[in-house]
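Asker: This is the structure I have questions about; it appears just below.
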Amino acid sequence: MAPRLRPASIRTRLLVAFLAVAVLSAGALSLLFLRELEAYGLRKLEERLESEARLTAAFVEASYAAAGEPQPGGALGRERIEAALREVAPYVPSRVRVLDREGVTVADPAGRREDYGGRPEVRTALAGEYGAYTRVTERGGVALYVAVPVRFGGQVSGAAYSSASTFSILTLLYDYRVRLAGLVALFAAATLLLTEALARWLSHPLRALEAGASAFTAGSHDLRVEPSGSRETRAVAEAFNAMAEGVERMLTELKEEERRKSRFVSDVSHELRTPLTAIRGAAETLLDGDVPAEDERRFLATIVRESERLGRLANDLLTLQRMEGATGELPLSRLDLLEVARGAVDALEPLTEEREVSVTVAGEPAEVLGDSDRLQQVVANLVDNATRHTPAGGSVEVRVEAREREVVLSITDQGPGIPEEDLPRLFDRFYRSESSRDRSTGGAGLGLAIVRAIAAAHAGSIAVENLPEGGSRFTLTLPLLRAAG
320 MAPRLRPASI RTRLLVAFLA VAVLSAGALS LLFLRELEAY GLRKLEERLE SEARLTAAFV
380 EASYAAAGEP QPGGALGRER IEAALREVAP YVPSRVRVLD REGVTVADPA GRREDYGGRP
440 EVRTALAGEY GAYTRVTERG GVALYVAVPV RFGGQVSGAA YSSASTFSIL TLLYDYRVRL
500 AGLVALFAAA TLLLTEALAR WLSHPLRALE AGASAFTAGS HDLRVEPSGS RETRAVAEAF
560 NAMAEGVERM LTELKEEERR KSRFVSDVSH ELRTPLTAIR GAAETLLDGD VPAEDERRFL
620 ATIVRESERL GRLANDLLTL QRMEGATGEL PLSRLDLLEV ARGAVDALEP LTEEREVSVT
680 VAGEPAEVLG DSDRLQQVVA NLVDNATRHT PAGGSVEVRV EAREREVVLS ITDQGPGIPE
740 EDLPRLFDRF YRSESSRDRS TGGAGLGLAI VRAIAAAHAG SIAVENLPEG GSRFTLTLPL
800 LRAAG
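With the first letter of the sequence shown counted as 1, position 326 gets the number 645 in my numbering; the numbers rise by one all the way through.
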């Protein structure tokens with residue numbers, strides 16, 4: 320297979336295009352100028368020849384009248400006319416002749432006797448009109464012939480005939496071919512240099528873009544190009560930079576996602592290892608036999624407890640995966656967030672009474688668009704955490720407040736607060752603050768991550784802060800659903 324030709328660069332294309340346009344334009348303009356020059360020369364020559372012919376006709380009429388001859392052809396008149404023509408011939412570049420009514424030469428400074436009666440301009444003049452005709456000479460020049468009538472007693476008796484040769488475009492180009500060749504070569508060289516400079520100037524921003532794109536493809540994703548040149552190249556450079564920003568951001572997000580996945584797998588493995596070790600140890604002890612009844616019940620209780628914890632961990636992971644991977648399939652409906660909060664608190668009443676912590680729900684009705692079960696899960700999770708860290712005899716307040724464009728649900732406890740260094744990572748997967756490191760009371764560290772995922776799925780947000788007077792406050796913010804009309 321024949322090798323593919325490499326496409327020409329834009330600089331080469333510009334160079335060829337500009338050079339072709341310049342040469343063609345110069346050639347067309349030069350040809351037009353020479354044509355106009357030739358036409359102008361012919362008009363001026365014709366005007367001069369006509370003037371000479373009419374002066375000759377008037378002179379002939381006066382000469383023959385003075386000689387008493389009724390028409391051209393008399394010897395006396397012819398001699399006088401030929402003498403006059405010979406006298407002015409050195410000063411006139413044209414050839415002037417006098418013809419009789421048949422078109423035959425009567426007077427000629429050169430003394431020739433020729434018959435011009437068959438020429439169209441002569442026939443026109445003998446018919447009483449002005450006649451002119453252009454012919455091409457053997458050398459490629461242009462010869463112009465002019466004839467005007469000579470009258471005697473109101474009748475055409477002959478003609479005054481004048482002719483001269485001038486240049487043509489072809490003869491001019493032929494005579495000056497060496498000079499023209501040099502001028503064409505000089506013009507082509509100058510045009511080539513100018514076009515080369517212009518092409519380099521125009522293509523420089525594109526070469527910079529090419530270099531930037533190549534470097535970006537090679538891995539320099541932080542590289543940006545400087546917009547320069549024409550409006551179009553600036554637009555391309557800005558589009559390239561915008562694309563580079565998007566690609567770099569996407570790569571950063573992909574790397575971060577990979578890190579999160581790797582950390583997630585590591586955290587899941589770590590969380591599974593402890594209950595599985597406990598279950599395996601208890602099961603192996605029971606398999607060994609000779610275990611006292613009291614220890615046997617304790618090992619069985621360990622297996623059940625750790626199995627339940629594995630079940631809760633699996634359920635939490637599934638919930639988190641569904642929420643973070645949700646694409647709008649949540650069953651959304653109009654909800655009163657105050658009623659949702661009351662339903663979650665009522666469901667937790669046995670647990671809060673056991674912990675001897677009172678939970679109050681206050682605020683005003685506020686409608687949101689959401690999933691009732693998921694929002695109850697958020698409230699229940701936050702209330703569970705709040706009552707777990709509030710001392711017996713303390714209280715937890717759940718408040719719903721409608722603002723201009725949003726609804727705020729806050730849960731305030733009377734616990735010891737959250738260490739400041741834990742606040743930024745409190746909603747991360749498997750993260751537990753120092754106050755809840757014990758898995759028996761602190762869970763697997765997925766509850767708050769699930770809360771954040773549910774809030775994000777509802778176009779909301781979750782935040783936490785420590786209060787100056789003690790305790791902490793979790794704040795769920797959701798878009799307010801206004802009444803129709």
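Virtual Cβ for every residue (Gly too), placed ideally from N, Cα, C.
Run the CB neighbour count on arginine 332, radius 10 Å, all protein chains shown included, and call it buried at 16 or more, exposed below.
Answerer: Exposed is the call here.
Asker: Cα separation between arginine 707 and serine 714?
Answerer: So the two alpha carbons sit approximately 11 Å from each other.
Asker: Decide if the segment 444-451 is in contact with the segment 349-357; the criterion is three or more beta carbon pairs, one per stretch, under 8 Å apart.
Answerer: The segment 444-451 vs the segment 349-357: no contact.
Asker: Can you find the residues in the same chain that come closer than 8 Å, C-beta to C-beta, to threonine 552, ignoring five residues on each side of it along the sequence?
Answerer: Answer for threonine 552: Pro524, Leu525, Leu528, Pro546, listed in chain order.
Asker: Let me confirm a value: threonine 375 is counted as buried when at least 16 other C-beta atoms fall within 10 Å, else exposed. Which label applies?
Answerer: Threonine 375 is buried by the Cβ-count criterion.
Asker: When the Cα atoms are used, what is the spatial distance from glycine 647 to serine 780?
Answerer: With a pLDDT of 46 at glycine 647, under the threshold of 50, the modelled position of that residue is not reliable, and the figure given next carries that caveat. Distance between the alpha carbons of glycine 647 and serine 780 is about 17 Å.
Asker: Check whether the segment 733-745 and the segment 693-703 touch, using three or more Cβ-Cβ pairs below 8 Å as the test.
Answerer: Contact fails: fewer than three Cβ-Cβ distances are below 8 Å.
Asker: Out of curiosity, what's the CA-to-CA distance linking arginine 362 and glycine 460?
Answerer: Arginine 362 and glycine 460: Cα-Cα distance of roughly 15 Å.
Asker: Please check the pair arginine 438 and valine 475, which I expect to be a contact at CB under 8 Å, by giving their CB distance rounded to whole angstroms.
Answerer: Incorrect: roughly 16 Å between the Cβ atoms, too far for contact.
Asker: Taking contact to mean at least 3 C-beta pairs separated by less than 8 Å, is the segment 621-637 in contact with the segment 665-673?
Answerer: The segment 621-637, when compared against the segment 665-673, does not touch it at the 8 Å Cβ threshold.
Asker: Quick one: Cα of alanine 612 to Cα of alanine 602, how far?
Answerer: If you take the alpha carbons of alanine 612 and alanine 602, they lie about 14 Å apart.
Asker: Are valine 623 and proline 798 touching if we call contact CB-CB under 8 Å?
Answerer: No, these two residues do not count as a Cβ contact at 8 Å.
Asker: If you check the beta carbons only, do leucine 368 and serine 413 fall under 8 Å apart?
Answerer: Taking 8 Å as the Cβ cut-off, leucine 368 and serine 413 qualify as a contacting pair.
Asker: Which of helix, strand or coil does DSSP assign to valine 411?
Answerer: Coil at valine 411, not helix or strand.
Asker: Look up serine 539 in the DSSP assignment and say whether it is helix, strand or coil.
Answerer: Here serine 539 sits in coil by DSSP.
Asker: What are the complete beta strand (DSSP E) segments, minimum 3 residues, inside the segment 409-443?
Answerer: DSSP runs (the beta strand (DSSP E)) wholly in the segment 409-443: 414-419, 424-426.
Asker: Reducing DSSP to helix, strand and coil, say where glycine 600 ends up.
Answerer: If DSSP states are grouped into helix, strand and coil, glycine 600 belongs with the helices.
Asker: Please report the residue range of the alpha helix (DSSP H) in which arginine 693 lies.
Answerer: Unbroken alpha helix (DSSP H) run through arginine 693: 691-708.
Asker: Mind checking whether alanine 341 and threonine 514 have CB atoms under 8 Å apart?
Answerer: Their beta carbons are under 8 Å apart, which means alanine 341 touches threonine 514 by this criterion.
Asker: In terms of residues, what are the limits of the alpha helix (DSSP H) holding arginine 718?
Answerer: Where arginine 718 is concerned, there is no enclosing alpha helix (DSSP H), although the beta strand (DSSP E) it sits in stretches over 714-721.
Asker: Under a Cβ-count criterion, where at least 16 other Cβ atoms within 10 Å of its own Cβ denotes burial, should glutamate 371 be classed as buried or exposed?
Answerer: Glutamate 371 comes out buried.
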